[in-house]
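The structure under discussion appears below in the form of structure tokens.
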Amino acid sequence: MSVSPTWYLVLAAVLFTVGAVGLLVRRNVLVMFMCIELMLNAANLTFVTYSRALNDVGGQSAVFFVLVVAAAEVVVGLGIIVSLFRRKFGATADDAHILKG
Amino acid sequence: MLAVATLPDAITFAIAAVIAVVGALGVVLSRNPVHAALMLVMTLFGVAVLFVEENAQFLAAVQVIVYTGAIVVLFLFVIMLIGVDRQERVFADGFNARRALTFFLGLAVLAEVLLLAHERWVTGAHSVTGKLHGAAANVSDLGHAIFTTYLLPFEVTSALLVVAVIGAVVLARRHTAGDEPTERPVLAAGEPGSGAGEDANSPALEGAPGGSGVDR
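Listed in order, the protein sequences are those of chains W and Y.
My numbering puts the first residue of the first sequence at 4, with every later residue one more than the last.
My numbering puts the first residue of the second sequence at 57, with every later residue one more than the last.
The following block contains the structure:
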């Protein structure tokens, strides 16, 4: 008998919160991106946990698609970061405040 | 809760959970982006162990291969590309109102999700998409679901990946001298000392007199 789903959901909530706070606190664009990955992972853990709790393969399929979308998102996001650096913006999000409307 | 689990499962969960949370805190708190990336690897491995615990073997393998093998390596690649010497103090400007608001928001999110995480909220119908048949049949279960029920999303995924590849190539393409924009944007007066600024063969430096008030 594996550990009750509640504990997994609590852990996922903690991971998500750490990621969200990190996204808001940090200024380095790359670290902010990593925090987004943390939140995605917390969501994945929730999906898998509910998949087990409901004995349904749908949750695991959703995680599969989240992984694909995360990979695509990282590729495009890092491309944007590299091209920002080409244009002599700094490493922090504040340096790109000219992008504000 | 923990009492009904067998001891090995409980111990595995506890260790993996501690690893995941410590890694997550490391991502947020470490000053050096390289350390943050390595801490992210730690978290991802912890979550992969939890996936195995929950009989999601295929996803655990994919997690290790795709996330730590591809995504974090990509992160490290970009960190190396744009300079690793930049460190950031996490609480450089003290604990101001914005930070306090951030932590309040974090606590609110945590409380909210914890409230929803209680077991009696799992109320959905069981096995709607398909049953899971345990550890040995995980790959076939998932494969069956993806190639029958989720076939259209799976095909759309391939289009998404093509779009992402093309977008990344377009975004990261080095502009040749011909299509260089004539007027450069006024640069933000951010932190000086960007490692990328010393890039001698960067085309953005050429032909941009007074394009920047900032000496990088």
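Idealized CB from N, CA, C, for every residue including glycine.
Model, not experiment: these values are computed from the prediction.
Residues sharing a beta bridge with residue i, DSSP
i	result
W:Asn31	W:Thr95
CA-to-CA distance, residue j to residue i, given in whole angstroms
i	j	result
W:Leu12	Y:Leu172	9 Å
Y:Leu130	W:Ala96	20 Å
W:Leu18	Y:Tyr123	16 Å
Y:Ala228	W:Ala74	17 Å
Y:Phe159	Y:Met136	31 Å
Y:Thr185	W:Ala56	14 Å
W:Arg30	Y:Asn88	12 Å
Y:Val134	W:Ala99	18 Å
Y:Ile222	W:Gln63	28 Å
Y:Ile71	Y:Val78	11 Å
Y:Tyr206	W:Ala46	19 Å
Y:Asp65	Y:Ile138	43 Å
Y:Val120	Y:Ala126	9 Å
W:Ala65	W:Phe50	7 Å
W:Ala16	Y:Gly102	15 Å
Y:Val226	Y:Val219	10 Å
Y:Ala192	Y:Leu106	17 Å
W:Val28	Y:Glu110	32 Å
W:Met37	Y:Glu168	23 Å
W:Lys91	Y:Ala92	23 Å
Y:Val83	W:Leu41	9 Å
Y:Thr215	W:Val72	The question names Thr, but residue 215 of chain Y in the sequence shown is Ala. For Y:Ala215 and W:Val72, the distance between alpha carbons rounds to 11 Å.
W:Val21	Y:Arg155	14 Å
Y:Gly199	W:Leu102	43 Å
Y:Ala117	W:Phe88	34 Å
Y:Met95	Y:Ala80	7 Å
W:Ile1	Y:Leu100	The requested residue 1 of chain W is not part of the displayed model; chain W covers only 4 to 104.
Y:Thr213	W:Met35	25 Å
Y:Ala112	Y:Asn194	7 Å
Y:Leu208	Y:Leu170	34 Å
W:Asp80	Y:Asp197	Here residue 80 of chain W is Gly; the residue named in the question, Asp, does not match the sequence. Computed Cα separation, rounded: 33 Å.
Y:Val74	W:Trp10	12 Å
Y:Ser86	Y:Lys187	42 Å
Residue i (DSSP reduced to helix, strand or coil)
i	result
Y:Thr185	coil
Y:Ala225	Reading off the sequence shown, one finds Val at residue 225 of chain Y, where the question assumed Ala. Note: Y:Val225 maps to helix in three-state DSSP.
Y:Asn111	coil
W:Asn58	coil
Y:Ala220	helix
W:Thr52	helix
Y:Val134	helix
Y:Gly190	coil
Y:Ala62	Reading off the sequence shown, one finds Thr at residue 62 of chain Y, where the question assumed Ala. Residue state, collapsed to three classes: coil.
Y:Val103	helix
W:Gly25	helix
Y:Ser214	helix
Y:Arg155	helix
Y:Gly162	helix
Y:Val74	helix
W:Val6	coil
Y:Gly79	helix
Y:Gly139	coil
W:Ser64	helix
W:Arg90	coil
Y:Ser196	helix
W:Asn47	helix
Under 8 Å by beta carbon: chain B residues contacting residue i
i	result
Y:Phe131	In the structure shown, chain B does not exist; the protein chains are W and Y.
- Query: Using a beta-carbon distance cut-off of less than 9 Å, what residues from the region 27 to 49 of chain W approach chain Y?
  - Reply: Listed by position along the chain: Leu27, Val28, Arg29, Arg30, Asn31, Leu33, Val34, Phe36, Met37, Cys38, Glu40, Leu41, Asn44, Ala45, Asn47, Leu48, Thr49.
- Task: Output, in sequence order along the chain, the residues in the region 100 to 116 of chain Y whose CB is closer than 8 Å to any CB in chain W.
- Result: Within the region 100 to 116 of chain Y, the qualifying residues are Leu100, Val103, Leu106, Phe107, Glu109, Glu110, Asn111, Ala112, Phe114, Leu115.
- Task: Return the residues of the region 189 to 210 of chain Y that lie within a Cβ-Cβ distance of less than 7 Å from chain W, sorted by chain order.
- Result: Answer set for the region 189 to 210 of chain Y: Asp197, Leu198, Ala201, Ile202, Tyr206, Pro209.
- Task: Using a Cβ-Cβ cut-off of less than 8 Å, give me the residues of the region 87 to 98 of chain Y that come near chain W, in sequence order.
- Result: Residues passing the 8 Å Cβ filter: Pro89, Ala92, Ala93, Leu96.
- Item | Residues from the region 57 to 84 of chain Y in contact with chain W, defined by Cβ distance under 8 Å | Residues passing the 8 Å Cβ filter: Met57, Leu58, Val60, Ala61, Thr62, Asp65, Ala66, Phe69, Ala73, Ala76, Val77, Ala80, Leu81, Val83, Val84.
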